[in-house]
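Just below is one structure, and these are the notes that go with it.
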Amino acid sequence: MKRSTFNMAAIQTQIYSQSFGFPTGTPPEYLAVNPSPSATQNPPPPPQPFSQPFAPAAEFENQISDFDRLICLQNERLRLGLQRKGKQEMGLVMRHWEPKIRFLLKRKEAEIREALNKNAELEALLRGAGAEREGWKSAAMEREAAAGALEAEIRRVQQGAGEKGAAAAESWCDGGGERMTAAVCRSCNREECSVVFMPCRHLGSCKSCEGLLEWCPLCWTVKRTAIDALLS
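Terminal number for the sequence shown in the UniProt record's numbering: 232, no gaps in between.
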């Protein structure tokens, strides 16, 4: 009865040791006092290391690390694949649209050149119009000056004719009135003076002689132009 009680205690101790990670088997002191027949027949298994229950956790961490590296590798491959695919699609798009883009660029360049040429023509026309306006302005000023000089010359001639009497006037007897005439042509001495020479502004010749004269018959200044004077 006493031996069976000891055997039951040994079995419980072994089960407790196996459940909680302690070395299996009965203590040596107990076996020395109460030897068991099963100890000589079935030796207990060797003691398990204390760190064995923690081995699955380390292996699980290694698996997680490997899984993370695999995910990173797949992401990098996916990124490179998408980048390569994008470049290929962009190349296809460029090859498709490149001729049309070149055509549009050439047409736009031609339009720009045409617009520049038109602008240059307009600028040339504006410059020509400005020069023509200045020429007309100068001619108008010259004509105004010539008109003033002609008026002064007419007054001078009329005053001289009034003083000289018969040299520059002729009588009208049938109408009871008199008319003062201008001086005679300084070239032919027959016709009435009707042309003002420029730039000296002298009333010096008739219309017929003006085309033959290259200078003023009064001051001998080279004639640049001549203006008809309408004498009443």
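All C-beta atoms, glycine included, are put in the ideal place defined by N, C-alpha and C.
According to DSSP, Val184 shares a beta bridge with Glu192. By the Cβ neighbour-count rule, Glu121 is exposed, with fewer than 16 other Cβ atoms within 10 Å of its own.
The distance from the Cβ of Asp228 to that of Val195 is about 6 angstroms, consistent with a contact at the 8 angstroms cut-off.
Judged by DSSP secondary structure, Ala229 falls outside any beta strand (DSSP E); it is assigned neither H nor E. Assignment of Leu213 by DSSP, reduced to helix, strand and coil, places it in the coil class. Classified as exposed, Ala152 has fewer than 16 neighbouring CB atoms from the shown chains inside 10 Å of its CB.
Sequence-distant Cβ neighbours of Cys219 in its own chain, meaning closer than 8 angstroms and more than five residues away, are Cys200 and His202. Judged by DSSP in its simplified three-state form, Leu116 adopts helix.
When secondary structure is reduced to three states using DSSP, Leu218 falls in the coil class, being assigned neither helix nor strand.
Counting only the Cα atoms, Lys108 lies some 39 angstroms from Arg79. Setting aside the 5 residues that flank it on each side, Ala57 has no residue in the same chain whose C-beta is closer than 7 angstroms to its C-beta. Here the C-alpha atom of Cys188 lies approximately 7 angstroms from the C-alpha atom of Cys209.
When beta bridges are read from the DSSP output, Leu203 appears opposite Val196. Inter-residue distance for Trp136 and Phe197 is about 19 angstroms (C-alpha atoms, whole angstroms).
A straight line joining the alpha-carbon of Ala131 with that of Ala140 spans about 14 angstroms.
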